[in-house]
Amino acid sequence: MSWGTELWDQFDNLEKHTQCGIDILEKYIKFVKERTEIELSYAKQLRNLSKKYQPKKNSKEEEEYRYTACKAFLSTLNEMNDYAGQHEVISENMTSQIIVELARYVQELKQERKSHFHDGRKAQQHIETCWKQLESSKRRFERDCKEADRAQQYFEKMDADINVTKADVEKARQQAQMRHQMAEDSKADYSSFLQKFNHEQHEYYHTHLPNIFQKIQEMEERRIVRVGESMKTYAEVDRQVIPIIGKCLDEIVKAANSIDQKNDSQLVIEAYKSGFEPPGDVEFEDYTQPMKRTVSDNSLSNSRGEGKPELKFGGKSKGKLWPFIKKNKSPKQQKEPLSHRFNEFMTSKPKIHCFRSLKRGLSLKLGATPEDFSNLPPEQRRKKLQQKVDELNKEIQKEMDQRDAITKMKDVYLKNPQMGDPASLDHKLAEVSQNIEKLRLEAQKFEAWLAEVEGRLPARGDQARRQSGMYDAQNPATVNNCAQDRESPDGSYTEEQSQESEVKVLATDFDDEFDDEEPLPAIGTCKALYTFEGQNEGTISVVEGETLYVIEEDKGDGWTRIRRSEDEEGYVPTSYVEVYLDKNAKGAKTYI
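Under this note's numbering, the residues of the sequence shown are numbered 1087 to 1678, in order.
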């Protein structure tokens, strides 16, 4: 099967076919190039997507990534980044192994094709020239034969005419002979050109043209093979990255399998556990008997002004009220003189608590976090202190390692003075020792705070400490001697003595500070969703369904400042109220 023998008369069609093959090759190159651009674009979009959902550094969102589900998501983002890298590898390999190689091959193919068809046209022109020469000699031979025939007929006519002179007859005879000779010469030339043309034509159709067409056929077959190899390379480039892409996907599955819901639940407990114990049951209050109502020993529903001997919790374990405990709306009997005086003082000087709360809350909002983390609940404070102690211990160990290294270096200098002066290390050694001492003092300070917090937490098992602060119902005299934990709206915890001492301290320290204080304007209203016993310093009691004025919204500490009347204001938990802010108020937000 050869184009030279089978397609000897299809020179023009072969020229068109080979040009179409080159066009197909260039089209395939363009296809691969666009594929590489898509791969690069896809990789870029994947990288941007992975970067978009990466947690921001030093943000609250970054803290959430300690949970296994969030870690798995972060691992997925990292694997998608590697996944994008493999698509970039596909683009690079296709460019170098296919596009560049085929582009160079197309140029070579065009030059080779041009050369072959140039040789074919040259051979075609040569055979056409031989054919033209043959046709010219044939026409001349035909013309000379006709001229010789006419000359012969003229001679015979002149020879038969008796009126023609002998000289005219001789002249006609010579003319006929000359024409006959010219015809013979033309015949010889025609025969020669015919033989030459036949030889050239035979060479053209059986030697020159088959060789040219064979070369064109081989060129076209090489092009076809090259296209096939490029397609294999195209698939192989994809196949090479499949194991790595599969590994990325396996890592995503592995990250998904590493999600531990129980561990995440435990982390939530560790992150948000306050350390408080839930309040006890509320006893039934029988108003049918003309006697003072009785409260159970473990009840936490006593108002801040009564100070009854039935109150059970005191000392360092006073409970915290929660949203599901509702306050009794009925008026309370006030028979104890101390509680009666305390309530009168709280009514006459309500702003004192507000000032102390405002002062502490403002310091937190301005970023002045207490060094002992007293603004946090007990459990969270313990974790922060423990973390600080661990950090200080690591720094101490680091400094001690540095001191040991300097000491060893000094010993080497003492044994080998040529290596260095031992006295040059004394200053550095003293500086490191001083740093160690400072860090140890700092660690002792935080350890003392940690021991204090751990002593307060019921979860630590210090039951004796908690029981020592209980009120004894049979001994009312202990009311004034028990220490009580107070929780301010900013979350700080301080120990205060009895209610009488609290009255004296407030009266002596802050009376003058509130003489000229201007009341804050209301920025909206709120409705109490639950009853809140404002027993702690700076708080205010509210009853479920009560409507009050909002004078300061929640700044992120979980407390909202409200006002009941012109002289009674304080903080309540934000979750206890539904806030309706005035849109026209300065600094007010539009949410509810």
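Just so it is clear, CB atoms sit at the ideal spot from N, CA and C, and this is done for glycine as well.
query: Can you give the Cα-Cα distance for valine 1539 and lysine 1359, rounded to whole angstroms?
result: As a working mapping, residue 1539 is identified with position 453 in the sequence shown. As a working mapping, residue 1359 is identified with position 273 in the sequence shown. About 14 Å.
message: Could you compute how far the alpha carbon of glycine 1610 sits from the alpha carbon of valine 1658?
response: Translated into positions along the sequence shown, residue 1610 becomes position 524. Translated into positions along the sequence shown, residue 1658 becomes position 572. Their backbone Cα atoms lie some 15 Å apart in a straight line.
- prompt: Is the beta carbon of leucine 1667 sitting closer than 8 Å to the one on valine 1628?
  reply: On the sequence shown, position 581 is the one that residue 1667 refers to. On the sequence shown, position 542 is the one that residue 1628 refers to. It is not a contact, given that the beta carbons lie outside the stated cut-off.
query: For valine 1250, which of helix, strand or coil comes out of DSSP?
result: Counting from 1 along the sequence shown, the entry for residue 1250 is found at position 164. Here valine 1250 sits in coil by DSSP.
query: Straight-line CA distance for glutamate 1664 to glutamate 1639?
result: In the sequence shown, the residue the question calls residue 1664 occupies position 578. In the sequence shown, the residue the question calls residue 1639 occupies position 553. Whole-angstrom Cα-Cα distance: 11 Å.
- request: Jot down the residue ranges of each uninterrupted beta strand (DSSP E) in the segment 1301-1343, minimum 3 residues, whole runs only, in chain order.
  value: none
task: Compare the C-alpha of glutamate 1214 against each of Pro1463, Ile1184, Asn1284, Glu1477 and name the closest.
output: Here residue 1214 refers to the residue found at position 128 of the sequence shown. Nearest C-alpha to glutamate 1214: Asn1284.
field: arginine 1225 classed as buried or exposed, judged by whether at least 16 other C-beta atoms fall within 10 angstroms
entry: Working through the sequence shown from its first residue, we reach residue 1225 at position 139. Burial call: exposed.
task: Mind the definition here: the segment 1243-1251 touches the segment 1184-1198 only if three or more C-beta pairs lie below 8 Å; say whether that holds.
output: no
message: Let me check understanding here. Comparing Cα to Cα, which of Leu1132, Asp1372, Ile1184, Phe1203 lies closest to lysine 1113?
response: Reading the sequence shown from its first residue, position 27 is the one you call residue 1113. Of Leu1132, Asp1372, Ile1184, Phe1203, the residue nearest in Cα terms is Ile1184.
- request: Please list, in chain order, all residues of the same chain as asparagine 1521 whose beta carbon is under 8 Å from its beta carbon, the five residues on each side excluded.
  value: Along the sequence shown, read from residue 1 onward, the residue named residue 1521 stands at position 435. Around asparagine 1521: Glu1485.
message: In this structure, how does DSSP classify leucine 1397 when only helix, strand and coil are distinguished?
response: Numbered from its first residue, the sequence shown carries residue 1397 at position 311. Since pLDDT at leucine 1397 reaches only 36, below the 50 mark, its modelled position is unreliable, and the value read off the structure follows with that caveat. Coil, per DSSP.
message: For isoleucine 1492 and valine 1518, which I take to be in contact (beta-carbon distance under 8 Å), what is that distance rounded to the nearest angstrom?
response: The count along the sequence shown starts at 1 and reaches residue 1492 at position 406. The count along the sequence shown starts at 1 and reaches residue 1518 at position 432. Rounded, the Cβ-Cβ distance is 6 Å, consistent with contact.
query: Could you give the residue range of the beta strand (DSSP E) that holds lysine 1611?
result: For the purposes of this step, residue 1611 is identified with residue 525 of the sequence shown, where counting begins at 1. The sequence given here has threonine at residue 1611, not lysine. Here the beta strand (DSSP E) through threonine 1611 covers 1610-1614.
- prompt: Where arginine 1647 and threonine 1625 are concerned, what is the direct C-alpha to C-alpha distance, given to the nearest angstrom?
  reply: Stepping through the sequence shown from its first residue, residue 1647 is reached at position 561. Stepping through the sequence shown from its first residue, residue 1625 is reached at position 539. Approximately 8 Å between the Cα atoms of the pair.
- request: Might you give, ordered along the chain, the residues of its own chain that have their beta carbon closer than 7 Å to the beta carbon of leucine 1478, omitting 5 neighbours on each side?
  value: Within the sequence shown, residue 1478 is the residue found at index 392, counting from 1. Hits under 7 Å: Leu1525, Glu1528, Ala1529, Phe1532.
task: Tell me whether valine 1323 is buried or exposed, calling it buried when 16 or more other Cβ atoms sit within 10 Å of its Cβ.
output: Sequence index remark: in the sequence shown, residue 1323 carries index 237 (1-based). The residue in question, valine 1323, is buried, as its Cβ has 16 or more Cβ neighbours within 10 Å.
- request: Can you give me the start and stop residues for the beta strand (DSSP E) that valine 1475 sits inside?
  value: Locating residue 1475 in the sequence shown gives position 389, counting from the first residue. Where valine 1475 is concerned, there is no enclosing beta strand (DSSP E), although the alpha helix (DSSP H) it sits in stretches over 1464-1501.
query: Which class does tyrosine 1373 belong to by DSSP, given the choice of helix, strand or coil?
result: The residue you call residue 1373 lines up with position 287 of the sequence shown. Reduced to three states, the DSSP call for tyrosine 1373 is coil.
Lysine 1348 to serine 1145 span [Cα, whole Å]: Counting from one through the sequence shown, the residue named residue 1348 turns up at place 262. Counting from one through the sequence shown, the residue named residue 1145 turns up at place 59. So the two alpha carbons sit approximately 25 Å from each other.
- request: Pull up the distance between the alpha-carbon of serine 1222 and that of serine 1277, whole angstroms please.
  value: Taking the sequence shown and counting its residues from 1, one reaches residue 1222 at position 136. Taking the sequence shown and counting its residues from 1, one reaches residue 1277 at position 191. Taking the straight line from one Cα to the other gives about 12 Å.
task: Specify the secondary structure class of valine 1565 as computed by DSSP and reduced to three states.
output: Position 479 of the sequence shown, counted from the first residue, corresponds to residue 1565. Model confidence at valine 1565 stands at a pLDDT of 34, short of 50, so the residue's coordinates are unreliable; what they give is reported in the following sentence. Three-state result, valine 1565: helix.
message: How far does the alpha helix (DSSP H) with serine 1127 in it extend, from its first residue to its last?
response: Sequence index remark: in the sequence shown, residue 1127 carries index 41 (1-based). Element bounds for serine 1127: 1097-1138.
- prompt: Considering tyrosine 1662, what are the terminal residues of the beta strand (DSSP E) in which it resides?
  reply: Taking the first residue of the sequence shown as 1, we reach residue 1662 at position 576. No beta strand (DSSP E) holds tyrosine 1662; DSSP gives it neither H nor E.
- prompt: Do you know offhand how far asparagine 1461's Cα is from leucine 1471's?
  reply: For this step, residue 1461 is matched to residue 375 along the sequence shown. For this step, residue 1471 is matched to residue 385 along the sequence shown. If you take the alpha carbons of asparagine 1461 and leucine 1471, they lie about 12 Å apart.
query: Alpha carbon to alpha carbon, how far is lysine 1208 from aspartate 1275?
result: Indexing the sequence shown from 1 puts residue 1208 at position 122. Indexing the sequence shown from 1 puts residue 1275 at position 189. Using only the alpha carbons, I get a separation of about 25 Å.
message: For the structure I just gave you, are there three or more beta carbon pairs, one from the segment 1293-1305 and one from the segment 1090-1105, closer than 8 Å?
response: yes
- prompt: So what's glutamate 1047 in DSSP terms, helix, strand or just coil?
  reply: Given that the chain is displayed from residue 1087 to residue 1678, the structure contains no residue 1047 and the question cannot be resolved.
message: As a quick exercise: from Gln1483, Gln1210, Ile1482, Glu1150, pick the residue whose alpha carbon is nearest that of histidine 1292.
response: Taking the sequence shown and counting its residues from 1, the one referred to as residue 1292 is at position 206. Per the Cα distances, Gln1210.
- request: State the DSSP-derived secondary structure class of tyrosine 1063, mapped to helix, strand or coil.
  value: Given that the chain is displayed from residue 1087 to residue 1678, the structure contains no residue 1063 and the question cannot be resolved.
At least 3 beta-carbon pairs within less than 8 Å: the segment 1247-1262 vs the segment 1315-1330: no
message: Using only CA atoms, which one of Leu1500, Thr1660, Gln1096 lies nearest to lysine 1641?
response: If you number the sequence shown from 1, residue 1641 lands on position 555. Selected option, being the one with the closest Cα: Thr1660.
message: Please give me, in chain order, every unbroken run of the beta strand (DSSP E) with length at least 3 that falls completely inside the segment 1203-1267.
response: none
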